[in-house]
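Each residue of the sequence shown is one higher than the last, beginning at 16 in the working numbering.
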Amino acid sequence: MKKTLSRKIMIAVMAAALATPLSMGMAPQTAEAGSSILGNVIGAAINGAIYSSQLNQEINQINNTEEGRNAYFAAMKKELGVNTDWALNNRVSNIMTNLTAAIGSIDATVYDKPYQYFINKDDSFNASCSLGHNMTINQGLFNVLDNDAEIAVVLGHEMGHGQKDHPAKGAKKSVGPAILQQAMGGNLLGTLAANLWNNQGITKPMEWEADNLSFDYITHSDYNPGATAAVWQRVIDKYGDKTPFVIGGSDHPSNTARRDNYEKKLEAYSGGHVSVTKDGIVEVNNQEFCVPAASGGMSSHERAYFVEGNLAAAFHNGQNASAATAEGSTVRLGAQPIMTCVSGDEDAQTLADRLNKIKDGKK
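1. Asp368 to Ser315, Cα distance in whole Å?
2. May I ask you to report which of helix, strand or coil DSSP gives Glu361?
3. Tyr126 and Ala242 - do their beta-carbons sit closer together than 9 Å?
4. If the criterion is Cβ atoms closer than 9 Å, does the pair Asn98 and Asp163 meet it?
5. In whole angstroms, give me the CA-to-CA distance for Val246 and Lys136.
6. Ignore the nearest five residues each way along the sequence and tell me which others in Thr234's own chain have a CB closer than 6 Å to its CB.
7. Go ahead and pull the three-state DSSP assignment for Thr80.
8. How many whole angstroms separate the CB atoms of Ile217 and His172, which I take to be in contact at a CB cut-off of 8 Å?
9. Do three or more CB pairs link the stretch 292-308 to the stretch 353-370 at distances below 8 Å?
10. Taking the DSSP output, what are the residues bridged to Val346?
11. Is it right to say Asp360 is buried, meaning 16 or more other beta carbons lie within 10 angstroms of its own, or is it exposed?
12. Alpha carbon to alpha carbon, how far is Gly376 from Ile114? Give it in angstroms, no decimals.
13. With distance defined between alpha-carbon atoms, name the residue in His331, Asn332, Met150 nearest to Asn85.
14. Express the C-alpha separation of Met354 and Gly324 in angstroms, rounding to a whole number.
15. Are the beta-carbon atoms belonging to Leu156 and Val169 less than 9 Å from one another?
16. Leaving out five residues on either side along the sequence, give the residues of the same chain with a beta carbon under 7 Å from the beta carbon of Val357.
17. Considering only the alpha carbon of each residue, which of Leu146, Ser120, Asn141 lies closest to Glu82?
18. What would DSSP say about Met39, mapped onto helix, strand or coil?
19. Are there 16 or more other CB atoms within 10 angstroms of the CB of Pro182, so buried, or fewer, so exposed?
20. Exposed or buried, what is Gln72 when buried is set at 16 or more other beta-carbons lying within 10 Å of its beta-carbon?
21. Taking the beta strand (DSSP E) that Val291 falls in, what are its first and last residues?
22. Can you say whether Ser229 is buried or exposed, counting buried as having 16 or more other CB atoms within 10 angstroms of its CB?
23. Please name the residue, chosen from Ser143, Arg249, Tyr254, Asp231, that lies closest to Arg274 on a Cα-to-Cα basis.
24. Which residues in the same chain as Gln131 place their Cβ atom closer than 6 Å to its Cβ, once the five residues preceding and following it in sequence are excluded?
25. Is the beta carbon of Asp362 less than 9 Å from the beta carbon of Glu317?
26. For the beta strand (DSSP E) containing Tyr132, list its first residue and its last residue.
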């Protein structure tokens with residue numbers, strides 16, 4: 016602690032020296048004035064170190080103790096309001112249960128600090144994970160997303176932040192002494208919560224890490240992995256590449272970049288056999304398989320990623336060794352459903368025959 020404090024003082028002194036009028040061609044300070052400046056700098060450095068220590072203590076208390084987690088969760092709900100719609104809450108509960116099991120299959124630490132979550136009354140499209148694995152989901156999310164797989168991608172992303180402790184790491188960088196001093200002088204939980212639960216301090220590398228973790232979680236669940244790219248295509252279809260909402264922060268990846276990242280991961284997951292072009296064409300071994308029709312509120316392009324996800328899972332799990340078949344309006348590859356044809360699609364038998372011709376080729 017002493018060594019760290021001394022280093023901070025030294026850095027502060029050097030910074031002050033570089034900022035003196037001498038460096039701007041003005042007259043040098045007198046010895047008395049210089050001593051005063053040095054004293055102020057050292058005092059500021061000491062105060063900064065004290066605030067930093069206090070901040071770390073408070074964040075660790077909220078982040079890692081049951082008492083702190085629960086108190087912070089209550090403060091979040093009081094500040095944001097709670098949506099008590101039974102159907103929505105039950106839906107979120109089922110998705111969180113599935114995601115927890117998926118994460119647990121590759122990261123058992125998820126059970127050490129179970130996630131607490133609620134739906135708030137904000138009508139914008141967002142969700143966030145804050146200190147102590149406390150999550151909140153805006154009710155507006157459900158006005159944009161209407162299938163569980165895409166909702167799971169968003170919540171999996173937030174759980175990725177939680178698993179890597181991004182909220183605490185970001186908070187320690189983003190909360191300044193003024194905010195901490197305000198908190199220490201009054202409502203500690205309320206002040207810290209108001210400044211931390213909107214993912215302040217979350218960086219672009221953290222966002223990419225959370226996106227990639229969400230893909231890992233989805234591929235260890237029963238959700239269609241194509242939902243990872245599809246959810247961002249849906250957002251692009253609705254808002255374009257720049258959106259009026261924030262998941263993470265304004266300096267974070269564009270919607271197109273996130274979609275394309277997931278598409279590349281789906282292609283890799285398939286062993287390089289399956290892809291979706293920029294025009295929304297589903298390809299197998301670099302040959303066109305289909306262009307799905309728009310249906311059920313999904314654009315053709317959004318739906319293409321769900322087809323890609325099913326194909327990628329089939330190749331990943333070895334189902335491509337089996338024949339493609341048509342069962343009514345559904346195309347299957349082995350036991351894996353690939354797509355259910357709707358009005359505007361080619362018929363299932365035509366698609367199954369085409370898939371059989373191209374699936375065993377080499378990319």
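Where is the CB? At the ideal position from N, CA and C, for every residue including glycine. None of these values were measured; they are calculated from a predicted model.
Let me lay it out:
1. 21 Å
2. coil
3. no
4. no
5. 22 Å
6. Pro240
7. Here Thr80 sits in coil by DSSP.
8. Not confirmed; about 11 Å, so no contact.
9. Judged by Cβ distances under 8 Å, the stretch 292-308 makes contact with the stretch 353-370, as three or more pairs qualify.
10. Ala341, Met354
11. By the neighbour-count criterion, in which a residue is buried when 16 or more other Cβ atoms sit within 10 angstroms of its Cβ, Asp360 is buried.
12. Looking at the sequence itself, residue 114 is Leu, so the reference to Ile does not match. Approximately 35 Å, taken between the alpha carbons.
13. For Asn85, the nearest C-alpha among the options comes from Met150.
14. 10 Å
15. yes
16. Ala308, Ser310
17. It is Leu146 whose Cα lies nearest to the Cα of Glu82.
18. Unreliable placement is indicated for Met39, whose pLDDT of 31 sits below 50; the coordinate value is still reported in the next sentence. Secondary structure of Met39 (DSSP, three-state): helix.
19. buried
20. exposed
21. 289-291
22. buried
23. Arg249
24. Phe88, Asn149
25. no
26. 131-135
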